[in-house]
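Student: Just passing along the structure, written as structure tokens.
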Amino acid sequence: MLSAAQIDEFETQGFLKGSVILNDEEVEKLREELDLVMEGKSVKKAVLNHNKNEKKDGLYDDMKMSVDEKVVQIVNIWMASDPFLQHASHPVICEEIAQLCRTDTLRIWHDQVQYKPPVSGGPTGWHQDHPLWPIIQPADLVSAWVALDDAIIENGCMWMVPGSHKWGDHQKHLASTSDFKPYHKQPHLLPQDAVVEAVPFEIKKGQIGYHHCLTWHGSPHNRSQLKRRAIAVHYMPGHTRYEPMKNHVMHQYVSVKPGEILVGAQFPVVYSQG
């Protein structure tokens, strides 16, 4: 359970480092499962399993990723792997996310593996999560990002902009300098007291980091000899509604009508105080 000070830190900064929640054996099991899914050897399949690059993803337009660089992305690995489903239901994660969301019910929106291979791991451009999820409202989701390798500056850890979750939707205006500093293309649209300054979000193997769905974040290249594997689970508080504006990879799994609470087998409840 998070302390009042930790909750205050999250509400101020838009992100928070939690504890180490997976031991070495648990991390190794998820690594093995990840290898099976990436190699297409799992019986069940994830929603998405591909290599991202700047030609397919707008997040990479400013990053000039070379043809040899890649980020392996898997969406809803929990559908392909029971250990990853068990991870998404981890009692510590779910209890602490419920605290941060101030909700009595949590559902999985979706999960996402992002693997930056050694040397060739590409960048993930500066972005906000919620604007990339154009079928759900309101922007109250919190993500739990657990490192399967030490995520440090050298191998492309995430960077965060403190307080940016309070500034609203600025996704289409976010860009990056050549040395991976974030900037806003229309800075007059930001609050007067906004300070666009990123800080590294280094996470140890097995440790959890939380971030709000509007917090500006991104991660640079991995040019080290180290792997950088992680699993992020994006959690919906119980009041999240289906409000379609554009298409999304999870659209095909929605069975409710616009305006209704997003429920269904593909959005399972993983925490309920009731």
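Here the numbering used here is used: the first residue of the sequence shown is 825, the next is one more, and so on. Using N, Cα and C, we set each Cβ at its ideal position, and we do this for glycine too. As the structure is a computational prediction, the values presented were derived from the model and not from experiment.
#1: For the alpha helix (DSSP H) that Leu-858 lies in, which residues bound it at each end?
#2: Near Ala-870, what residues of its chain come up, given a Cβ to Cβ distance below 7 Å and the 5 sequence neighbours on each side ignored?
#3: Of all the options Leu-1038, Ile-1055, Asp-1017 and Lys-841, which has the alpha carbon lying nearest to the alpha carbon of Glu-920?
#4: Can the beta-carbon of Cys-925 be found less than 8 Å from the beta-carbon of Tyr-1059?
#5: Put Ala-828 into one of helix, strand or coil per three-state DSSP.
#6: Comparing alpha-carbon positions, which option in Gly-992, Lys-990, Tyr-1007 and Trp-991 lies nearest Leu-998?
#7: Run through DSSP, which three-state label would Gln-1076 get?
#8: Mapping the DSSP letters down to three states, classify Lys-996 as helix, strand or coil.
#9: How many angstroms separate the CA atom of Gly-992 from the CA atom of Leu-1038?
#10: Tell me which residues share the same chain as Ser-843 and place their Cβ nearer than 8 Å to its Cβ, disregarding the 5 neighbours each side in the sequence.
#11: Specify the secondary structure class of Asn-979 as computed by DSSP and reduced to three states.
#12: So Ala-912 is in the alpha helix (DSSP H); what residue range does that whole segment cover?
#13: Give the DSSP-derived three-state secondary structure of Trp-991 in the structure shown.
#14: Starting from the Cα of Ala-1089, find the closest Cα among Leu-909, Cys-918 and His-1012 and give me that residue.
#15: My output table needs one value for Val-1094: the three-state DSSP class, helix, strand or coil.
#16: Please return the same chain residues whose Cβ sits closer than 7 Å to the Cβ of His-989, not counting the five positions on each side in sequence.
#17: For the alpha helix (DSSP H) that contains Val-916, what are its first and last residues?
Tutor: Reading off the structure:
#1: 848-862
#2: Taking Ala-870 as the centre and dropping the five residues before and after it, the same chain places the C-beta of Val-861, Ile-898, Val-899, Asn-900, Ile-901, Met-903 and Ala-904 closer than 7 Å to its C-beta, in chain order.
#3: Lys-841
#4: yes
#5: The answer is helix: DSSP assigns Ala-828 an H, G or I state.
#6: Tyr-1007
#7: helix
#8: helix
#9: 7 Å
#10: Within the same chain, Val-916, Gln-1031 and Ile-1032 come within 8 Å of Ser-843 by CB-CB distance, once the 5 residues on both sides are set aside.
#11: helix
#12: 906-912
#13: coil
#14: Leu-909
#15: Here Val-1094 sits in strand by DSSP.
#16: Gly-838, His-1036, Leu-1038 and Thr-1039
#17: 915-925
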